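Here is the structure we will look at.
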Ligand code: UDP
């Protein structure tokens with residue numbers, strides 16, 4: 206329900222539906238980010254409308270997540286799943302649907318926060334005809350991603366160009382780690398405003414619980430040694446490295462004899478979807494390595510049960526080739542599970558080597574095998590890592606903190622946009638103004654321009 210005493214803002218997330226099942230198809234960190242940020246901003250006093258492309262005729266057009274926070278699914282192309290590299294052609298229709306929604310609801314969003322480069326393009330289009338404050342979060346940078354890809358998609362040039370434009374033209378781009386900030390400056394542009402605001406995790410859901418309790422609830426053997434992978438089936442996630450490292454450790458791990466070793470792989474959707482191609486490839490590698498007995502494909506698991514998986518594991522492996530932030534790392538550590546991760550991107554920011562986990566060069570199968578073995582083979586050290594990992598995440602990464610930082614950023618931007626306007630515009634803009642929430646006081650803002 207729209208409340209005009211609140212300042213409405215729009216979060217745009219073209220393909221990553223904040224109301225989707227996370228872990229399936231292309232749903233992952235971006236969906237979690239937009240949903241969590243949206244809910245926290247609503248709790249801080251904003252009216253948050255989150256826009257995404259409708260990809261299933263059976264999905265509701267509007268989902269109310271929490272008071273003053275809703276997902277709105279817009280028509281942009283056929284009502285079916287389309288991989289993100291094929292979505293650009295439908296973005297003009299997204300813009301039209303967004304404008305039609307604004308007109309129908311008589312809302313003008315003075316601030317639009319876009320997510321991923323396709324939404325950046327939408328934001329830049331919207332700004333051609335209305336005075337919006339534009340904030341952007343990349344979630345993935347083409348300039349970094351394409352360095353580890355052999356065949357560039359046909360859309361690569363367009364993506365790189367939009368990513369440069371948004372950095373140079375947005376009012377602010379949010380980097381989720383200092384490493385992402387550095388990548389933007391080194392590889393995208395030296396122009397534009399960047400603020401570093403990390404991602405968070407829900408520490409009321411992901412927290413330290415006894416391993417034995419988690420295993421009991423999941424029906425896992427209390428004596429097994431369990432290595433966990435959580436995430437999408439995407440080649441850039443490096444699941445192959447985890448599987449090959451696990452296989453490499455096998456002969457040495459057999460020396461423990463009394464224990465069994467398991468690699469539990471969480472995530473992925475059914476075989477007829479695009480991520481099924483990567484899943485089939487990984488299953489083939491598992492057979493090739495002769496470890497089918499030890500590998501469990503658990504499928505997509507929701508955030509209700511995921512804390513049990515993290516807590517049940519002895520180590521969580523994150524072998525990504527590239528990771529702008531990597532929510533799985535902080536979720537695992539929040540549950541006290543030491544992380545063995547690639548030393549790339551945001552993982553270098555979140556994982557403290559030798560204190561909360563270990564970092565290894567990406568694709569280094571032998572290095573991953575050695576690191577996992579160190580943790581599995583030293584129970585006393587592993588217990589210390591568990592405690593430190595959980596304490597570190599609670600101190601550094603919470604969605605509440607992220608929500609407050611973003612809310613403060615929005616307030617500053619809206620206040621500045623008013624200060625910069627000519628007096629006549631300010632006066633005319635005060636006719637139907639909603640209110641920007643400010644601690645202890647309110648500021649009126651002009652609604653954005655024509656629909
Ligand atoms: N996830 C989930 N269920 C699954 C697999 C993944 O809920 O079966 C969630 C996971 O908990 C995390 C997100 O998907 O919140 C993945 O985010 P991350 O930043 O690690 O990777 P991305 O998907 O953005 O590449």
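Residue numbers (my numbering): 206 to 656.
Note that beta-carbon positions come from the ideal geometry of N, C-alpha and C, so glycine has one too.
Nothing here was measured: the structure is a model prediction, and the numbers come from that model.
Go through its chain and collect everything with a Cβ distance to residue 322's Cβ below 6 Å, but skip five positions before and after it. Correct list, in chain order: 364, 367, 368.
Between which residues of its own chain and residue 599 is the CB-CB distance below 6 Å, once the five residues before and five after are set aside? 408
Span of the alpha helix (DSSP H), counted from its first residue to its last, around residue 623: 604-625
How many Å lie between residue 674 and residue 315 at the Cα? Coverage of the chain is limited to positions 206 through 656, which leaves residue 674 absent and any answer about it impossible.
Can you give, in chain order, each stretch of the beta strand (DSSP E) that sits fully within the stretch 508-550 and has at least 3 residues? 520-523, 544-547
So residue 320 is in the beta strand (DSSP E); what residue range does that whole segment cover? 316-320
The ligand UDP and residue 444: does the residue's C-beta get closer than 6 Å to at least one heavy atom of that ligand? no
Cβ neighbour criterion (16 or more within 10 Å) applied to residue 342: So residue 342 ends up on the buried side.
Entirely within the stretch 227-292 and at least 4 residues each: give me those alpha helix (DSSP H) ranges in chain order. 234-248
Are three or more beta carbon pairs between the stretch 552-560 and the stretch 521-536 nearer than 8 Å? yes
May I have the straight-line CA-CA distance separating residue 210 from residue 396, to the nearest angstrom? 36 Å
Would you give the residue range spanned by the beta strand (DSSP E) that residue 380 belongs to? 377-380
Taking the alpha helix (DSSP H) that residue 555 belongs to, which residues open and close that run? The continuous alpha helix (DSSP H) containing residue 555 extends over residues 552-555.
What would DSSP say about residue 310, mapped onto helix, strand or coil? In this structure, residue 310 counts as helix in the three-state DSSP scheme.
Could you check where the alpha helix (DSSP H) with residue 573 kicks off and where it finishes? 570-581
Is the beta carbon of residue 435 within less than 6 Å of some heavy atom of the ligand UDP? yes
Sequence-distant residues of its chain with Cβ nearer than 7 Å to residue 504 (five each side left out): 473
Which class does residue 424 belong to by DSSP, given the choice of helix, strand or coil? coil
Give a yes or no on contact between the stretch 512-525 and the stretch 427-436, applying the rule of three or more CB pairs nearer than 8 Å. yes
Candidates 608, 621, 613, of which the one nearest residue 406 by Cα: 608
Please identify the residue among 436, 297, 370 whose C-alpha is closest to the C-alpha of residue 258. 297
Contact check, residue 275 vs residue 266, beta carbons under 7 Å: Going by C-beta atoms, residue 275 is not nearer than 7 Å to residue 266.
Could you please give the first and the last residue of the uninterrupted beta strand (DSSP E) stretch that includes residue 504? 500-504
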